[in-house]
Structure formats: structure tokens, C-alpha cells
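For reference, the structure is listed below as C-alpha cells.
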């Protein structure tokens, strides 16, 4: 799951669900002051972000995903105790009504 620096929306939703089962927070970080619909986000604020538990995963997004992907090394240096991921395609490819379907048992 952490072998890539960039997650698609599907990977974000799947990984968020898996990690939160293990008590690890996944925080979606808005770097453009445009929150995603139907998903809780925080605005980029380094001071507040450093207050989260050390195993927290930050998923950064912008309009297209290009800027956050390019800045990922900066974010990793800024938050060395956290996992930092970029949302592939950013806000432009985010589908607010997309849901993961539970597998039939």
C-alpha cells in the first residue's frame, strides 16, 4: 500500500478503510482551499498537522494532482514522522458519489 507515492481514488478509499481498522488515521489534506465533496478534509496547516498521532497518513491533493506529486518530497521532509501520499488526478478526477461496493459473502 505504501509502495507508491500516489493513490487513486479507489486506493484511497480502500486503504483508508484498511488502515482505520488498525487504528491509523488517514487525513485528506486540501492544498487549494477547495474541499472534496462527501469526504472529510483539512486545510494544509503544518502546525495543526503535527498534532496528529505519529502513524497518521496524510493524503495531499490539488486541482490536478501534479503539484502535490511534485511537492511530495517537500511534504515528506516537513512531516518526517508521517506517511505522505499524493491523490492521483487531484480534485479534477475525484468522483464525489463514488463508493466501494462490499464484496458479496
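In the working numbering, the protein residues as written are 76 to 180.
Every residue gets a Cβ at the ideal spot worked out from N, C-alpha and C, and that includes glycine.
Since this is a predicted model, take the numbers as computed values, not measurements.
Tell me which residue opens and which closes the alpha helix (DSSP H) that residue i is part of.
i	result
residue 150	147 to 153
residue 190	A question about residue 190 goes unanswered here, because the residues of the chain that appear run from 76 up to 180.
Using alpha carbons as the reference points, say which of the options lies closest to residue i.
i	options	result
residue 143	104, 130, 157	104
residue 81	172, 98, 166, 147	147
residue 168	76, 112, 108	112
residue 122	76, 84, 153, 85	153
residue 101	145, 139, 157	157
residue 129	155, 117, 139	155
residue 159	166, 110, 151	151
residue 174	84, 145, 165, 79	84
residue 162	139, 92, 94, 149	139
residue 114	77, 149, 145, 92	92
In angstroms, rounded to a whole number, what distance separates the CA positions of residue i and residue j?
i	j	result
residue 180	residue 96	In this prediction, residue 180 scores a pLDDT of 43, lower than 50, which makes its location untrustworthy; the coordinate-derived value is nonetheless stated afterwards. Each residue's alpha carbon lies about 19 Å from the other.
residue 79	residue 172	25 Å
residue 164	residue 89	17 Å
Just to check my reading of the structure: residue i and residue j have Cβ atoms closer than 8 Å, yes? What is that Cβ distance to the nearest angstrom?
i	j	result
residue 99	residue 132	6 Å
residue 166	residue 136	6 Å
Looking at the C-beta of residue i, does it have a partner C-beta in chain D at a distance below 8 Å?
i	result
residue 98	Structure shown: chain D not included; a single protein chain is present.
Check: Can you list, in chain order, the stretches of the beta strand (DSSP E) that have 3 or more residues and sit fully within the region 83 to 113?
Finding: Counting only runs of 3 or more residues that sit fully inside the region 83 to 113, the beta strand (DSSP E) segments are 101 to 105, in chain order.
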